[in-house]
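Report on one structure; see the data block that follows.
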C-alpha cells in the first residue's frame, strides 16, 4: 500500500533535477563532507542558502546516503501552498471533510512514511500550523482532517530556507522550539558568486546535459566564454546559470555561444569597478591611448597563448574575435613574435 502511495505521488509531481552536486571548490568540499557525516544518521537537517543555490540537490544527496534511500523523498514546497490547504497537504483528509474533499487524500507525512520528507521554504509555514508540525516531529503521530483515528509516520526531516530563521524566531514569526528541532545539523549552501571556481565544471556539465535533453548539437565553449561566465555575479545562482546555458544552447545554432546576462547586474558590476568622482578623477582616453590599450591586450593574449592564433586555446578565441580580424590587427600594429 505504501509503495502505491509513493508511486502515485511520483506520478503527481516529478522532481526535476540535473543530477549530482557538481564542483570541486573548498566550499563544496565542506558540504560534501557534511553530507557524508549526516547522511547515514536519522538527524534532522536544516539547509540554508539563497534561492537557486541547489538546496534540493543537497537534500537529495543526504537522502541517497541514508538507510531510507530505497523509499521516496517527498518534497513539500511550503511557499506554494494556500494557507487554508496547509493542514490537508501535510496530514491529508477524508472524503467530505470540507467542501471540495471529494475523496480520501493521503498527506505528505503519510506518503513519506519510512522515507524522507523535504520541507522546502520552511520559513513560509504559518505560525498557527507550526505547533502541529512540531507535534508530528516530536511524537510521530497525526490525524487526517475529518478523521479521529491517529496515524503514525516514521519520517526523516530535511528542511530548507532562504530566510534568516534565527531573525524570524526573534521577530516571533517562527517558533523557537520548532527551529531547534529542525536545526540539529545545519548546512549552509554558499551563493555561486562566492565559489566561481566551480563555474567551468558546472557550465560544461549543464551544456552537455541540456544539449542531450533538447536533442541539439553541443556548442563548443571557448576560454572567453568561461571568462564571461566567471565575471558575472549570478544573483539567481546555479538556477540562473542553468537557465542562461539552456538559452545559449537553443540560440547557438552557428556554433558561436552567446550568453544573455542581466544588463542591470552587469551595469552594477561595471560601476563597482569604476571609482566614484568623489574619490578619483576618471581620465578620458584619447584614440591613441585606446589603440595602445588594445595593443597591450592583444600582446597579452598572444603571449599567454604562445602566439597560437587559431583553433582551440588560440589568442583569437581568448579575445573573442575572428582569427582573420586578429591577423589584420597584428599586421596593422606591426607586432612580431619574439624570436
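In this note's numbering, the protein residues as written are 21 to 359. Just so you know, even glycine gets a beta-carbon here, dropped at the ideal spot from N, CA and C.
ask   = Terminal residues of the continuous alpha helix (DSSP H) containing residue 162?
value = No alpha helix (DSSP H) holds residue 162; the beta strand (DSSP E) holding it covers 161-163.
request  = Can you say whether residue 99 is buried or exposed, counting buried as having 16 or more other CB atoms within 10 angstroms of its CB?
outcome  = exposed
message = Looking only at its chain, what residues have a beta carbon closer than 7 Å to the beta carbon of residue 357, apart from the 5 residues adjacent to it on each side?
response = 327
ask   = Leaving out five residues before and five after residue 109 in sequence, what residues of the same chain have Cβ atoms less than 8 Å from its Cβ?
value = 96, 101, 127 and 128
message = Which of the three DSSP states is assigned to residue 61 in this structure?
response = coil
query = Is residue 289 helix, strand or coil by DSSP?
reply = In this predicted model, residue 289 has a pLDDT of only 47, less than 50, meaning its place in the structure is not dependable enough to derive any value.
ask   = Taking contact to mean at least 3 C-beta pairs separated by less than 8 Å, is the segment 169-182 in contact with the segment 59-79?
value = yes
Of the listed residues 234, 89 and 219, nearest to residue 245 (C-alpha basis) = 219
task = Return the CA-CA distance between residue 90 and residue 81, expressed in angstroms with no decimal places.
result = 13 Å
message = Beta-carbon within less than 6 Å of residue 293's beta-carbon, same chain only, minus the 5 sequence neighbours each way: which residues are those?
response = With a pLDDT of only 39 at residue 293, under 50, the local geometry of the prediction cannot be trusted, and the value read off the model is given with reservation. Once the five neighbours on either side are set aside, residue 293 has no close Cβ partner at all.
inquiry  = DSSP has residue 93 in a bridge; who is on the other side?
reply    = 136
Buried or exposed by the 16-neighbour rule on C-beta atoms within 10 Å, applied to residue 105 = exposed
inquiry  = Assuming residue 173 and residue 156 are in contact, meaning their beta carbons sit under 8 Å apart, how far apart are those beta carbons, in whole angstroms?
reply    = 7 Å
task = Measure the C-alpha to C-alpha separation of residue 5 and residue 76 and round it to an integer number of angstroms.
result = Missing from the structure shown is residue 5; the chain here goes from 21 to 359 and no further.
ask   = Rounded to whole angstroms, how far is the Cβ of residue 353 from the Cβ of residue 315, which I believe are closer than 8 Å?
value = 5 Å
request  = Report, in whole angstroms, the separation of the C-beta atoms of residue 210 and residue 47, which I expect to be a contact under 8 Å.
outcome  = 5 Å
message = On a Cα-Cα basis, can you pick out the residue from 167, 186 and 137 that is closest to residue 114?
response = 167
request  = Can you tell me the Cβ-Cβ gap for residue 238 and residue 248, rounded? I've got them flagged as a contact below 8 Å.
outcome  = So it is not a contact: roughly 18 Å between Cβ atoms.
task = Spatial neighbours of residue 72 within its chain, please: CB distance less than 7 Å, with the 5 preceding and 5 following residues excluded, ordered by chain position.
result = 256, 257, 258, 259 and 260
key: Backbone CA spacing between residue 223 and residue 337 [nearest angstrom]   = 18 Å
ask   = How long is the line joining the alpha carbons of residue 107 and residue 164, rounded to whole angstroms?
value = 8 Å
request  = Would you identify the three-state DSSP class for residue 206, choosing helix, strand or coil?
outcome  = strand
ask   = Since residue 236 is in the beta strand (DSSP E), which residue starts that stretch and which ends it?
value = From DSSP, residue 236 is part of no beta strand (DSSP E); its letter is neither H nor E.
message = Residues in the same chain with beta-carbon distance under 6 Å from residue 268, minus the five sequence neighbours each way, listed in chain order, please.
response = 277 and 279
ask   = Can we count residue 272 as close to the ligand FAD, meaning its CB is less than 6 Å from some heavy atom?
value = In terms of ligand content, the structure shown is empty, and the ligand FAD therefore cannot be addressed.
query = Name the DSSP bridge partner or partners of residue 344?
reply = The partner list for residue 344 (beta bridge, DSSP) is empty, contrary to what the question assumes.
query = Can you name the start and end residues of the alpha helix (DSSP H) that residue 265 belongs to?
reply = 257-271
inquiry  = Tell me the DSSP secondary structure of residue 181 in three-state form.
reply    = strand
request  = Could you check the C-alpha separation between residue 311 and residue 85 for me, to the nearest Å?
outcome  = 58 Å
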